[in-house]
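Colleague: Residues 0 to 333, numbered by numbering that gives the first Met the number 0, are exactly what the sequence shown covers, in order.
Cβ coordinates follow ideal geometry from the N, Cα and C atoms, glycine included.
Below: one structure in structure tokens.
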Amino acid sequence: MLYYKYRKIINYLTWIIPNGNLRREIRNIFKKLLETSDKIDYFVDNINRIDYIENKDNYVILKVAGGFTDQILTYIVGKYIQIKYNRKVKYDLGWYEFHGMDDYNLDKRNFDLLNVFPNLDFNVATKEEASLYRNLFYFRTSIGEEFHNLLTTRKKLYLAVRPNELECYYSFKNDFNKIFDFDNNLYIKISCGNEKVYNKIISSACPVAIHIRAGDLLKDLKKLDKKYFLKSIEIINKKLYPQKPTFFIFSNDMNYVKKNIINSKFKFYDIEFVEENDNDKGFIDWYLMFKCRHIISTVGRFAITVYAFIDYNDKILITPENMREYYIENIDKI
0 MLYYKYRKII
10 NYLTWIIPNG
20 NLRREIRNIF
30 KKLLETSDKI
40 DYFVDNINRI
50 DYIENKDNYV
60 ILKVAGGFTD
70 QILTYIVGKY
80 IQIKYNRKVK
90 YDLGWYEFHG
100 MDDYNLDKRN
110 FDLLNVFPNL
120 DFNVATKEEA
130 SLYRNLFYFR
140 TSIGEEFHNL
150 LTTRKKLYLA
160 VRPNELECYY
170 SFKNDFNKIF
180 DFDNNLYIKI
190 SCGNEKVYNK
200 IISSACPVAI
210 HIRAGDLLKD
220 LKKLDKKYFL
230 KSIEIINKKL
240 YPQKPTFFIF
250 SNDMNYVKKN
260 IINSKFKFYD
270 IEFVEENDND
280 KGFIDWYLMF
290 KCRHIISTVG
300 RFAITVYAFI
310 DYNDKILITP
320 ENMREYYIEN
330 IDKI
């Protein structure tokens, strides 16, 4: 797709500009010019042709990008649009072909959603459809009211962000819990090593998942050190007393966690390291965390989305947002 190639060229050309703010401004100008050029080409080459026939199918096309959780959330927003607004929805998977890396360019992101849930009602946009909608009907909104207005006033839409994604889930929670039957679709995919972890989790009186994504501990997020996790464990311990929780640690860099996070101060707690899964098996970690009752998380949507699906009335979620001394400015935008 030329769109992604041109964006890469723009990024390369503007990277030499030393001032970050100026670099972003010029990059955005180039991108706007690219989008405007594509729109002009479309109208000149198509609408002015004698044999032009307008496509009567009006879709909302959602950009799919990121890991397993992002894929689930994008599908949730798409299904919400189908149910609430009676709109036809398709999904653009081009990002996985032309980028496919995490926010820190450390780990590859695979499109696993249909491998895990092969029976989903999931219509993939063709490359031509995705390119056309992206260039002509692109909207980027994170405001719920604007999102509603677009869906009720525009025939064709290409949405690159997911406003109110968890609100969409809670609006039709029972439906989504039936659609995403994790036990039937994911249990069959776990290996022998994962089955041992699974059995430990379901036999534990009080299983707690700790999700530590290594990239979240870099740069702006360096405040999330061992003290954050130790204090989180202490809070959980007090809340659950006299029950004794077992803490299952999930990470995409367990060597870093063992070297820099979990030290001798944690020896008083029952801790299990879940080391069976690499980056390509993130959906297995997702499922094992889903079988826990409580969640301790860094930032990002992975653990928070798992928490939303956990079917336990007294579940607890600890994140930097609800532990104020570890709050990171603009954390919701990460």
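Just mark W14 as buried or exposed, buried being the case when its beta carbon has 16 or more other beta carbons within 10 Å.
Modeller: exposed
Colleague: Measuring only the C-alpha atoms, how far is N184 from F110?
Modeller: 16 Å
Colleague: Does the stretch 87–100 come within contact of the stretch 290–308, defined as at least 3 CB pairs closer than 8 Å?
Modeller: no
Colleague: Using only the alpha-carbon positions, how far apart do F301 and N114 sit?
Modeller: When rounded, the separation of the alpha-carbon atoms in F301 and N114 is 18 Å.
Colleague: Quick one: is E164 buried, meaning 16 or more other Cβ sit within 10 Å of its Cβ, or exposed?
Modeller: buried
Colleague: Just to confirm the assignment, what range does the alpha helix (DSSP H) spanning K62 have?
Modeller: Per DSSP, K62 lies in no alpha helix (DSSP H); the unbroken beta strand (DSSP E) holding it starts and ends at Y58 to K62.
Colleague: Between the alpha carbons of F247 and D277, how many angstroms are there, rounded?
Modeller: 16 Å
Colleague: Give me the Cα-Cα distance between S170 and C205, rounded to the nearest whole angstrom.
Modeller: 29 Å
Colleague: Buried or exposed: where does S36 fall if 16 or more other Cβ atoms within 10 Å of its Cβ makes it buried?
Modeller: exposed
Colleague: Can you give me the Cβ contacts of K87 inside the same chain, cut-off strictly under 6 Å, excluding the 5 residues immediately before and after it?
Modeller: Y58
Colleague: Three or more C-beta pairs closer than 8 Å, one from the stretch 185–204 and one from the stretch 278–290: is that the case here?
Modeller: yes
Colleague: Would you kindly check if the distance between the Cβ of D56 and the Cβ of V63 is under 9 Å?
Modeller: no
Colleague: Kindly identify the DSSP beta-bridge partner or partners of L156.
Modeller: Answer is V59.
Colleague: Can you give the Cα-Cα distance for G281 and F67, rounded to whole angstroms?
Modeller: 7 Å
Colleague: With burial defined as no fewer than 16 other Cβ atoms inside 10 Å of the residue's Cβ, what is the status of E324: buried or exposed?
Modeller: Since pLDDT at E324 reaches only 48, below the 50 mark, its modelled position is unreliable, and the value read off the structure follows with that caveat. The residue in question, E324, is exposed, as its Cβ has fewer than 16 Cβ neighbours within 10 Å.
Colleague: DSSP on L316, reduced to helix/strand/coil?
Modeller: strand
Colleague: Helix or strand or just coil, what does DSSP make of E164?
Modeller: Helix at E164.
Colleague: Could you tell me if C167 is buried or exposed, where buried requires 16 or more neighbouring beta carbons within 10 angstroms of its beta carbon?
Modeller: buried
Colleague: Might you give, ordered along the chain, the residues of its own chain that have their beta carbon closer than 8 Å to the beta carbon of L392, omitting 5 neighbours on each side?
Modeller: An answer regarding residue 392 cannot be provided, because it is not within the stretch 0 to 333 covered by the chain.
Colleague: Starting from S231 and walking both ways along the alpha helix (DSSP H), at which residues does that stretch end?
Modeller: K225 to L239
Colleague: Leaving aside the five residues before and after V256 along the sequence, list all residues of the same chain whose C-beta is less than 6 Å from its C-beta, in chain order.
Modeller: I211 and S250
Colleague: Ordered along the chain, which non-local residues of its own chain (more than five positions away) have a Cβ less than 6 Å from that of D219?
Modeller: Because D219 sits at a pLDDT of 48, beneath the cut-off of 50, its placement in the model cannot be relied upon, and the following sentence gives the value as read from the coordinates. Cβ neighbours of D219 beyond the five flanking positions: none.
Colleague: Can the beta-carbon of R26 be found less than 9 Å from the beta-carbon of I9?
Modeller: yes
Colleague: If the criterion is Cβ atoms closer than 9 Å, does the pair P162 and F175 meet it?
Modeller: no
Colleague: What does a CB cutoff of less than 8 Å around R22 pick up in its chain, not counting 5 residues either side in sequence?
Modeller: T13, W14 and I16
Colleague: Out of curiosity, what's the CA-to-CA distance linking G192 and Y157?
Modeller: 42 Å
Colleague: At a Cβ threshold of 9 Å, is K172 touching chain D?
Modeller: In the displayed structure, chain D is absent; only one protein chain is listed.
Colleague: Which word fits I80, buried or exposed, when buried means at least 16 other C-beta atoms lie within 10 angstroms of its C-beta?
Modeller: buried
Colleague: Give the DSSP-derived three-state secondary structure of V273 in the structure shown.
Modeller: strand
Colleague: In terms of DSSP beta bridges, what is S296 paired with?
Modeller: For S296, which the question treats as bridged, DSSP gives the partners H210.
Colleague: For the candidate residues I260, K188 and R292, whose alpha-carbon lies nearest to that of L239?
Modeller: Comparing Cα positions, the closest option is R292.
Colleague: In chain order, what residues of the same chain have a beta carbon less than 6 Å from the beta carbon of A124, not counting five sequence neighbours either side?
Modeller: For A124, where only same-chain residues beyond five positions count, the Cβ hits under 6 Å are I60, K89 and D91.
Colleague: Would you report the Cα separation of L131 and L150, rounded to the nearest angstrom?
Modeller: 18 Å
Colleague: Please report the straight-line C-alpha distance between I75 and V298, rounded to a whole angstrom.
Modeller: Straight-line Cα distance between these residues: approximately 20 Å.
Colleague: Could you check what DSSP says for T125 in three-state terms: helix, strand or coil?
Modeller: Coil.
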